[in-house]
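Written out below as structure tokens is the structure these notes cover.
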Amino acid sequence: MSLEKTFVILKPDAMRKHVLGKVIERLENAGLKPVAMKMALLHDAILEEHYSHLKDKPFFPGLAKFMKDTPVVMGVWEGENAVAKVRELCGPTDSKKAAKGTIRGDFGKDVQENIIHASDSIETTNAEIKRFFKDSELFEWR
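If you count the sequence shown from 1, position 96 lands on 104 in this note's numbering, and the numbers rise without skipping.
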């Protein structure tokens, strides 16, 4: 096992459904600790960068509109095998296919309104942390 960081976004549907605390509690209960967290309104340029692999898809304008609907809460979480652990807690991207007991299975609606974005690798985590956080916003603590 290795100590690592991962990046998450609690999406607009998490905000509207008032489940931020429940999701954060699940991350903490899984042995993860927050090392950075903030609320922000996302804009087109950052969404095009973050979703660069999707920006040419016909559904991208709807996704961008959804992600700008409310502020989001972004965080960096640290723990043993954090990337895999958070992905497991989330369940599949499509909430309709996610098992009960997972974040998406319990709170999500579909593939877009699925409560949470979670990095899928260490490389993606590092890029996403740099995209959304300054080094001075990350904290090391025990």
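Note that the Cβ used here is the ideal one computed from N, Cα and C, for glycine as well.
Asked                                                                                                                                                                     : Found
How long is the line joining the alpha carbons of residue 112 and residue 26, rounded to whole angstroms?                                                                 : 14 angstroms
Given 8 angstroms as the limit, is there contact between the stretch 88-103 and the stretch 117-132, that is, 3 or more CB pairs closer than that?                        : yes
Tell me which residues share the same chain as residue 120 and place their Cβ nearer than 7 angstroms to its Cβ, disregarding the 5 neighbours each side in the sequence. : 71, 74
Along the chain, where does the beta strand (DSSP E) that runs through residue 86 open and close?                                                                         : 80-88
Using DSSP with H/G/I as helix, E/B as strand and the rest coil, what is residue 161?                                                                                     : Nothing about residue 161 can be read from this structure; the chain reaches only from 9 to 150.
For residue 22, which three-state DSSP category applies?                                                                                                                  : helix
Does the stretch 138-150 come close enough to the stretch 46-59 to have 3 or more Cβ pairs within less than 8 angstroms?                                                  : yes
When you compare each of 123, 63, 80, 46 to residue 147 by their alpha carbons, which one comes out closest?                                                              : 46
Could you pull out every unbroken beta strand (DSSP E) segment of at least 3 residues lying fully inside the stretch 84-135, listed in chain order?                       : 124-126
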